[in-house]
Amino acid sequence: MCPSGHCSPVPRCGKPASGGPAQRMRYDERPMVETSHPRVRFAPSPTGYLHLGSARTGLYNFIFARQHEGTFVLRIEDTDLSRSTDQAIVQILASMKEMGLQWDEGPGVPGPHGPYRQTERDSIYHEHVARLLETGHLYPCFCTAEELEAERTAAQADGRDSVYSGKCRALAAEEVQRRQTAGEPYTLRVRVPEGRTVFHDILRGDVAFENDTIGDFIVQRSDGTVTYNLAVVVDDVTMEITHVIRGDDHISNTPKQVVIYEALGAGVPEFLHMPLLFGTDRKKLSKRHGATKLEQLTAEGFLVDVVRNYLCFLSAEFDESMITWTLDDLVRSFDVTKLGTSPSIFDPEKLRWMNGRYVRAMTDEWLGGRLVEYLTRVGFYGDPVGVGELAAQGSQVLAAVVEDAESERLPPTVPDEEHEALTREIAPLVHEKVEVLADFIPMAGWFFRPLEFTPEALERLQATAGAAATLATAAAGLRDLPEWDVPAIETLVRELPPTLELKPKAVFAALRLGMSGQTVTPGLFESLWVLGRDQAVARLEQAAARLV
RNA sequence: GCCCCCAUCGUCUAGCGGCCUAGGACACCGGCCUUUCAAGCCGGCGGCACGGAUUCGAAUUCCGUUGGGGGCACCA
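Written out as C-alpha cells, the structure reads:
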C-alpha cells in the first residue's frame with residue numbers, strides 16, 4: 018500500500034504522534050520542546066502590508082528561535098502571482114526591521130537553503146512532485162472543474178463530507194496514457210491513505226483527523242503549477258524546519274501537509290498553532306476595525322516597543338512590568354509554548370494605556386526626542402494650524418491622513434532649531450498627560466501658533482469674572498518680574514486672587530484662556546515660563562484687548 | 001451540510017480536584033489630590049455559556065448541547 022516503503026516517519030523532534038485520542042495536556046505534562054538549535058520560519062504572502070496578526074506570528078517565531086539559539090528563516094510565499102507585489106515585499110521587510118525582527122536566512126540574507134521566494138523555487142517543487150509520482154503517492158485526475166463542483170454540492174446535499182470522490186484514483190494505466198497523449202488537461206492528486214492522521218500541537222496536544230474527511234487533494238494544477246499545501250511542505254522539508262509556528266487558521270490544512278511529509282518520507286515538524294487576532298466584533302482583525310498595521314499605529318504616536326509587547330502578551334498573562342520590556346527581555350523571559358488557545362481581541366484602549374505607562378516610565382529628554390521625531394513625521398512644524406485641526410478630530414483621523422500622505426511619499430517637514438527647542442522645553446510639561454504622541458498636539462499645539470480663540474473659548478473668557486482686570490494686572494506684573502522663572506511666576510499669580518478680590522479658579526481660568534485660547538493646557542506657571550516673558554505678556558494683552 | 005479549533009467579568013487573563021466568598025489588568029462609576037485636563041492613590045460595578053456524569057468535594061475531569069471561529073478550492 019505504500020510503494021515507497023517510507024511510510025513510518027520518524028519525527029525529527031518531539032514525541033511521535035500517538036494514535037490515541039486527542040487529549041489536552043497540561044503545561045507541566047507537556048514534553049519539553051526540543052531546544053537545541055531549532056529552525057523556524059515566518060512565511061508571509063506579499064499581498065499587502067504586514068498585518069498586525071502576521072507581525073505577531075513573526076514575533077513569536079523570532080522569540081522562539083532566539084530563545085533556543087535557533088535559526089529564524091524568512092520566506093516569501095508569493096506563488097499567488099495575481100496578488101503578490103514587490104512593493105508589498107519591501108513594506109513587509111521594512112515593518113519587520115522596525116520591530117527588530119532580524120532574520121537569519123531570507124531575502125537579503127543568503128543561506129544554504131535558498132532561494133527564499135517561492136516563485137524562485139519552482140524546480141525544487143517539481144523535483145518533489147516527480148518523486149511522489151514515481152512512488153505512487155500521486156495520480157493524475159481528469160475531472161473538470163464543473164464535475165467537481167457538481168460532486169461537491171451533491172455531497173453536501175447528502176450530508177457527506179464535501180471531498181473528492183476519488184473517481185480518477187484507479188484509472189487504468191492505459192487510459193491515463195491515452196487521455197494524456199490526447200492532450201486532456203489533468204491535475205495531480207495525492208493518494209491519501211486510509212486511517213487517520215494525527216499531529217502534535219505544542220499548545221493543544223494531539224489533534225486527529227479521519228483521512229476520509231481530507232479527501233485526495235490537488236497538488237499540481239492543470240497548468241503545471243503547484244499548490245500551496247505542496248509548496249509549504251517541500252519548503253519546510255528542504256529548509257529543514259523543525260517547528261512550525263503559525264496561525265490556528267492553518268490547523269485544518271495540517272493533516273494534508275502531514276500526509277505529504279509522510280509520502281515524502283520526511284520527518285514531521287512540531288506544530289504550534291497560535292490563536293488568531295480578532296477585532297472587537299470577534300472577527301479576524303481587518304481594516305474596518307481601525308489600525309491593522311504597524312505604520313498606522315506609529316502615525317498615531319504609539320511606540321513600536323509597546324505595540325510589540327502588547328501583541329506578545331495578548332494571549333498570555335499580563336504583568337505591568339513587561340510594558341517596558343525590550344525585545345531582548347522578551348527573548349529571555351517570554352514563553353511561546355505557554356500561550357493561550359482562545360482567540361485574542363485587539364483592544365486599542367488597553368494599548369493606549371500601555372503606551373501612556375511606557376511614556377511615563379521614560380525621561381523627559383527621551384520624550385522630547387520622540388516628540389520631535391513624531392511631529393516632524395506628521396508634518397506638524399510645517400503646518401501647526403492645519404495639523405492641529407486634524408488632531409482635534411482624534412488621533413486616528415490624523416494617523417489616517419499621515420499614512421495616506423506617506424504612501425504618496427510627500428516629503429516630511431523639517432523642524433527648525435526654534436521649533437525643536439520649544440518641543441523639548443514643553444516635553445516635561447506634558448509628560449504625565451500624553452498617552453500617544455499625537456496627544457501632544459491638542460494639548461500643546463497652541464505654543465506653536467499665534468493666539469487664536471474659538472467662539473466658545475472667547476465666550477468662556479468673557480464669562481469669567483474679572484477676566485479683564487486679571488489679564489491686565491498679570492501682564493503688567495509679568496513684565497516687571499525681576500526673575501523669569503517658574504517660582505517667581507507662581508508667586509505672582511498666586512497673589513492675584515487676594516489683590517483682585519477674585520476666586521482663584523476665576524483667575525487661573527482667565528490666564529489659561531488668555532495665554533492659550535484653550536481651556537486645557539499643561540501647568541499654568543510652567544506654560545507661561547516656556548512661552549517667555551515677551552510672548553506671555555503679549556498674549557495676555559492681546560486677550561485683554563478682545564474683551565473691550 | 002461535513003471536519004477541526006475555541007469557551008472564566010464588556011476586553012486581556014490567573015486558575016492544574018479542596019487554598020475560590022473565583023484573583024489581577026484595561027474600560028466604566030465614585031472618592032481623594034488639584035489652577036484646567038490628565039497622572040497617581042483608594043473604593044465600587046462586573047464573570048466560570050447550559051445540561052448531565054464522575055467525586056466526600058468540580059471553574060478545574062468526562063459526555064452532550066449551545067454559541068463563536070476556521071477549514072472543506074486547480075487561494076495562500
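Converting from the first sequence to my numbering requires adding 17 to each position, the first position being numbered 1. Even for Gly, the Cβ is constructed at its ideal location relative to N, Cα and C.
Can you look up residue i in the DSSP assignment and give me helix, strand or coil?
{"i": "Glu-227", "result": "strand"}
{"i": "Val-249", "result": "helix"}
{"i": "Pro-445", "result": "helix"}
{"i": "Ser-359", "result": "coil"}
{"i": "Pro-157", "result": "strand"}
{"i": "Val-547", "result": "helix"}
{"i": "Ile-219", "result": "coil"}
{"i": "Ile-258", "result": "coil"}
{"i": "Gln-237", "result": "strand"}
{"i": "Thr-343", "result": "coil"}
{"i": "Leu-564", "result": "coil"}
{"i": "Glu-469", "result": "coil"}
{"i": "Ala-555", "result": "helix"}
{"i": "Leu-91", "result": "strand"}
{"i": "Arg-349", "result": "helix"}
{"i": "Met-379", "result": "coil"}
{"i": "Leu-331", "result": "coil"}
{"i": "His-85", "result": "coil"}
{"i": "Leu-110", "result": "helix"}
{"i": "Gly-123", "result": "strand"}
Since residue i contacts residue j with CB under 8 Å, what's their CB separation in whole angstroms?
{"i": "His-154", "j": "Ala-280", "result": "4 Å"}
{"i": "Asn-372", "j": "Leu-320", "result": "6 Å"}
{"i": "Phe-234", "j": "Val-207", "result": "6 Å"}
{"i": "Arg-148", "j": "Asp-252", "result": "That belief does not hold up - the Cβ atoms of Arg-148 and Asp-252 are roughly 15 Å apart, past 8 Å."}
{"i": "Tyr-133", "j": "Glu-115", "result": "Going by Cβ atoms, the distance from Tyr-133 to Glu-115 rounds to 20 Å, so no, they are not a contact pair."}
{"i": "Trp-501", "j": "Arg-550", "result": "5 Å"}
{"i": "Phe-351", "j": "Leu-69", "result": "Not really, about 18 Å apart at Cβ, beyond 8 Å."}
{"i": "Phe-159", "j": "Glu-191", "result": "Contact doesn't hold; Cβ gap of about 14 Å is too wide."}
{"i": "Val-324", "j": "Leu-314", "result": "5 Å"}
Compare the Cα-Cα distances from residue i to each of the options and report the closest residue.
{"i": "Val-353", "options": "Trp-342, Arg-369, Cys-329 and Glu-287", "result": "Cys-329"}
{"i": "Val-249", "options": "Thr-471, Ile-141 and Leu-407", "result": "Ile-141"}
{"i": "Val-90", "options": "Glu-452, Val-537, Ser-101 and Leu-110", "result": "Leu-110"}
{"i": "Gly-403", "options": "Glu-312, Gly-462 and Gly-75", "result": "Gly-462"}
{"i": "Ala-333", "options": "Phe-79, Thr-358 and Thr-309", "result": "Thr-358"}
{"i": "Ala-527", "options": "Gln-559, Leu-407 and Gln-104", "result": "Gln-559"}
{"i": "His-290", "options": "Ala-283, Pro-401 and Ser-71", "result": "Ser-71"}
{"i": "His-54", "options": "Ile-506, Thr-259, Glu-435 and Ser-182", "result": "Thr-259"}
{"i": "Ala-480", "options": "Gly-549, Gly-531, Arg-374 and Phe-79", "result": "Gly-531"}
{"i": "Pro-467", "options": "Arg-496, Gly-411, Asp-229 and Ala-553", "result": "Ala-553"}
{"i": "Lys-310", "options": "Ala-523, Asp-421 and Phe-457", "result": "Asp-421"}
{"i": "Glu-211", "options": "Gly-131, Gly-534, His-217 and Asn-228", "result": "Asn-228"}
{"i": "Thr-230", "options": "Arg-477, Arg-169, Ile-106 and Pro-432", "result": "Arg-169"}
{"i": "Tyr-391", "options": "Pro-515, Thr-88, Ser-101 and Ile-458", "result": "Ile-458"}
{"i": "Val-275", "options": "Thr-508, Asp-400, Ala-562 and His-217", "result": "His-217"}
{"i": "Leu-564", "options": "Leu-513, Lys-450, Ala-482 and Gly-540", "result": "Ala-482"}
{"i": "Tyr-203", "options": "Gln-84, Gln-173, Leu-165 and Gly-232", "result": "Leu-165"}
{"i": "Arg-58", "options": "Ile-506, Arg-496, Met-256 and Gln-108", "result": "Met-256"}
{"i": "Asp-240", "options": "Arg-177, Arg-213, Pro-157 and Asp-175", "result": "Pro-157"}
{"i": "Pro-63", "options": "Leu-69, Gly-87, Asn-78 and Ile-106", "result": "Ile-106"}
{"i": "Glu-507", "options": "Arg-100, Gly-540, Leu-69 and Gln-194", "result": "Gly-540"}
{"i": "Asp-433", "options": "Val-389, Trp-370 and Leu-415", "result": "Val-389"}
{"i": "Pro-401", "options": "Arg-377, Phe-525, Phe-464 and Glu-287", "result": "Phe-464"}
Taking Cβ positions, are residue i and residue j nearer each other than 8 Å?
{"i": "Pro-61", "j": "Glu-94", "result": "yes"}
{"i": "Ser-544", "j": "Thr-538", "result": "yes"}
{"i": "Val-215", "j": "Asp-223", "result": "yes"}
{"i": "Ile-277", "j": "Asn-246", "result": "yes"}
{"i": "Gly-296", "j": "Thr-74", "result": "no"}
{"i": "Tyr-327", "j": "Leu-368", "result": "yes"}
{"i": "Gln-135", "j": "Thr-161", "result": "no"}
{"i": "Val-453", "j": "Gly-318", "result": "yes"}
{"i": "Trp-546", "j": "Val-503", "result": "yes"}
{"i": "Ser-112", "j": "Tyr-66", "result": "yes"}
{"i": "Val-567", "j": "Leu-205", "result": "Given a span of 18 to 565 for the chain in the structure shown, any question on residue 567 remains unanswerable."}
{"i": "Asp-178", "j": "Gly-117", "result": "no"}
{"i": "Leu-513", "j": "Thr-490", "result": "yes"}
{"i": "Pro-292", "j": "Pro-360", "result": "yes"}
The region 382–400 contacting the region 431–446, beta-carbon criterion three pairs below 8 Å: yes
With contact counted as at least three CB pairs below 8 Å, one residue from each stretch, are the region 510–523 and the region 481–490 in contact? yes
Counting beta carbon pairs with one atom in the region 335–355 and one in the region 431–438, are three or more of them shorter than 8 Å? no
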